[in-house]
Every structure is written in C-alpha cells, then in structure tokens.
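Remarks on the structure that follows.
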Amino acid sequence: MNNTQIPTTIRRLKTAAERWRVPAVSQIGESRDPFRVLASCLLSLRTRDEVTDAASDRLFALASTPRQILALTPETVQKAIYPVAFFRNKTATLRAICQELIENHGGEVPDTLDGLLKLKGVGRKTANLTLIQGFGGQGICVDTHVHRICNRWGYVKTKSPDETEMALREKLPEEYWSQLNDLLVRFGQNCCKPISPLCSQCCVAEFCDRVGVKKSR
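Per this note's numbering, the sequence shown starts with residue 267, numbered consecutively.
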C-alpha cells in the first residue's frame, strides 16, 4: 500500500466501520472529557472493550474527577473496575495520576503529548488517544491493531508500536492521523484479525501486500 491508495482506503474503511462496534474509548471520547478518556484508556489496556465499557460506567458513576476518585478507598475503586486486567495495579496507577494532576496541574489533564507522557503509567498510546479523543487534537495512536495492520499492508516496516507511530508521522498525511486508530481498531477486531484474517471480505484487499499472512478466510 502507498499514499496514493490511502484516501480510498480511509473512505472505504469509514463506510465499513458503520457496521462495526465503536471502540470503548471512542464512545467515551464523545464526551470530550479528557480525564474520562485518560482513565478509560488506562482501564482498557489488555482488556476487552465490553469489560472496559462496564468498568468505566461503574467507576464514573461513583467519581468523575481526580479529587472524587482520591476520596474513594482503593478497595472501592478496585471493586468498581473489576474484572479489568491488572485491576489492583490500575487502581494504584489511577490514584497516582489523580494525585499528580491535583498537585501539579490544578486537577486538569495536560493538553500536550509531553505533559501526558510525564504522568505515571502513561505511554504513547494512551497519551495520543487522550489528545485525540479528550481534546479533539492531533495525534497518532498506535495499538496492536494499528501496528499489525499497517505492517500487513506493507505501508510501514516496523518492529514495535512506537516505531510504527514514528514511521506514520513521517509518511501518513496529517489529515488522517486522528481517525486512524478508531478505524483500524474496528477493522482489526472485525476483519483484519491477527490470525486468519477475513481477506475474502476485506474492502481494501486490492491494496494490501498481505505481509506475514499465511492463512486467511
């Protein structure tokens, strides 16, 4: 795949995505509440969307600001977010972030990539997604789906999500940055699966180099 095919690829994926479930963090991002997006991103790591959805709803019903979350006991937060993966560690990380936001940022989420990356437990994926979904800003959020699909297409040749982000920043037209994650998460969950992708049903199969695909349906 090359840049001349990207506009058609994005257009087709947008049409196909109308049939697919909206990712959990994208749903929460509709609120344009940076803290909710940041917290949901943390909960979503290594966790299925439906579990993240339910856990986020339970947590935000109890508390929706850093101060409110710190007013809860760790056990209460753990009970609210269970069964997300690593719920005890995520509780500790969330509380540490809340404390830092209050002490250093007036209780507000930083609106820059560098500022977000300085928060405990926040990596590039979470930081970029918070910028995109929480602030309506520009960023390239690369998770396992974006990394896998962009390499499978032959659009980039990278070994890690961070490498993929940097390669996309160099190559992908900026107008597509913020929408890429939402589209490729849906595409990866429903069609371009890690093992045995549904190539016979793929709307962009003609542009795909099928790098590493040994079996498909």
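Every residue, glycine too, gets a C-beta built ideally from N, C-alpha and C. Note that the structure is predicted; figures quoted are calculated from it, not measured.
Nearest to M432 (by Cα), restricted to the options P332, R476, R390 and E284
R390
C-alpha distance - E499 paired with F353, whole-angstrom precision:
Missing from the structure shown is residue 499; the chain here goes from 267 to 483 and no further.
Rounded to the nearest angstrom, what separates E459 and N268 at their Cα positions?
The sequence given here places Lys at residue 459; Glu does not occur at that position. Using only the alpha carbons, I get a separation of about 21 angstroms.
Under 8 angstroms: do the segment 392–412 and the segment 295–302 share three or more Cβ pairs, one atom per stretch?
yes
For W419, the three-state DSSP class (helix, strand or coil):
helix
Taking only the alpha-carbon atoms, compute the straight-line gap between Q455 and I461 and give it to the nearest angstrom.
11 angstroms
So what's V512 in DSSP terms, helix, strand or just coil?
Residue numbering for the chain in the displayed model covers 267 to 483; residue 512 lies beyond these limits and cannot be assessed.
Rounding to the nearest angstrom, what Cα-Cα distance links L379 and K345 in this structure?
31 angstroms
The segment 403–415 contacting the segment 441–456, beta-carbon criterion three pairs below 8 angstroms:
yes
Quick check on L464: buried or exposed, where buried means 16 or more other Cβ atoms within 10 Å of its Cβ?
exposed
Beta-carbon contacts of N417 that lie in its chain and below 8 angstroms, excluding the five residues immediately before and after:
K423, T424, T430, V477 and G478
Applying the 10 Å Cβ sphere with the 16-neighbour rule, what's the burial state of N355?
exposed
Check the C-beta distance from V375 over to P300 and give it rounded, since I have them as a contact under 8 angstroms.
4 angstroms
Specify the secondary structure class of N370 as computed by DSSP and reduced to three states.
helix
Closest Cα partner of A362 within the set W286, K384 and L311
K384
Anyone know if the C-beta pair for V350 and V317 falls short of 8 angstroms?
yes
Distance, Cα to Cα, R285 vs R414?
22 angstroms
Identify every run of the alpha helix (DSSP H) within the segment 314–356, keeping only runs that are complete inside it and at least 4 residues long; order them along the chain.
315–328, 332–336 and 340–347
Selection from L360, T410, L338 and G402 that minimises the alpha carbon distance to E441
G402
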